[in-house]
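Reviewing the structure listed below.
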Amino acid sequence: GEDVEQSLFLSVREGDSSVINCTYTDSSSTYLYWYKQEPGAGLQLLTYIFSNMDMKQDQRLTVLLNKKDKHLSLRIADTQTGDSAIYFCAASGGGADGLTFGKGTHLIIQP
Amino acid sequence: IAGITQAPTSQILAAGRRMTLRCTQDMRHNAMYWYRQDLGLGLRLIHYSNTAGTTGKGEVPDGYSVSRANTDDFPLTLASAVPSQTSVYFCASSPARGNEQFFGPGTRLTVL
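Here's what the structure looks like:
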């Protein structure tokens, strides 16, 4: 089945760009998603990219997809303290349950 | 209501007791899911339902059961709670399998 991997922590300075990386194994994944989870809250869909796209930009967020390497990244420009959260990558690989989630990357913002 | 609601928000439960976590969505989504979230383990799928009247087992189904009598509701039952079921439980729904999932606010369950 699908496997989605992310690093557990990323620390950046306020104002810098954050790049959160994700790899997946199922090349048939049609959609790839990024979710944000703030402390004590549920997961909020941030953005997604269709598998036939290389890049998608939405305000401060840029998603890059390298389908050959099965690598997905989320870039957050001008990182703010409000961006501190756990970011989950998810892939719509095979299987009856629909989406496979990574374990999440804790984004830590340093002043 | 709009979106997905879960009840209760939090619960402390004695081991051996039966507990049902409620989940309701008003988006007419076909698919619904239950996850548990534990530190260092991410989200793990417990059970899912691709459409009303059908259910399936996820990654960690043991000790849990679900039903999907209608489109809107997807309750999760712990027949006899054990301490290892202490976790935060999230319900989610999506228009169809593979589409983006929308999450509820979660239920924090502690089993003593």
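Protein chains in written order, with the numbering used here: chain A, 322 to 432; chain B, 5 to 116. Even glycine gets a Cβ: it sits at the ideal position worked out from N, Cα and C.
### Counted within 10 angstroms of its Cβ, other Cβ atoms place residue 106 of chain B as buried (16 or more) or exposed
buried
### Task
Take the Cβ of residue 13 of chain B as the centre, count every other Cβ of all protein chains shown within 10 Å, and call the residue buried at 16 or more, exposed below.
exposed
### Contact set for residue 22 of chain B: own chain, Cβ-Cβ below 8 Å, skip 5 residues either direction
81, 82, 83, 84, 85
### Query
Got a sec? Which residues, its chain only, sit under 6 Å from residue 378 of chain A by beta carbon, not counting five neighbours each side?
none
#### Entry: heavy atom of the ligand ATP below 7 Å from residue 391 of chain A C-beta
The ligand content of the structure shown is nil, which means the ligand ATP is not present either.
#### Entry: Simplified DSSP state of residue 114 of chain B, which is helix, strand or coil
strand
### Message
Contact between the segment 359-369 of chain A and the segment 331-342 of chain A is defined here as three or more beta-carbon pairs at a separation below 8 Å; is this criterion met?
### Response
no
### Query
For residue 423 of chain A and chain B, any beta-carbon pair shorter than 8 Å?
yes
### Query
Out of curiosity, what's the CA-to-CA distance linking residue 104 of chain B and residue 366 of chain A?
8 Å
### Message
Could you check whether the Cβ of residue 344 of chain A sits closer than 8 Å to any Cβ belonging to chain B?
### Response
no
### Message
Less than 8 Å between the beta carbons of residue 117 of chain B and residue 66 of chain B, yes or no?
### Response
For chain B, the structure presents residues 5 to 116; residue 117 of chain B sits outside this window and is missing.
### Query
DSSP on residue 28 of chain B, reduced to helix/strand/coil?
strand
### Task
Give the interface partners of residue 413 of chain A over in chain B, defined as CB-CB distance under 7 Å, in chain order.
102
### Cβ-Cβ distance between residue 426 of chain A and residue 329 of chain A below 8 Å
yes
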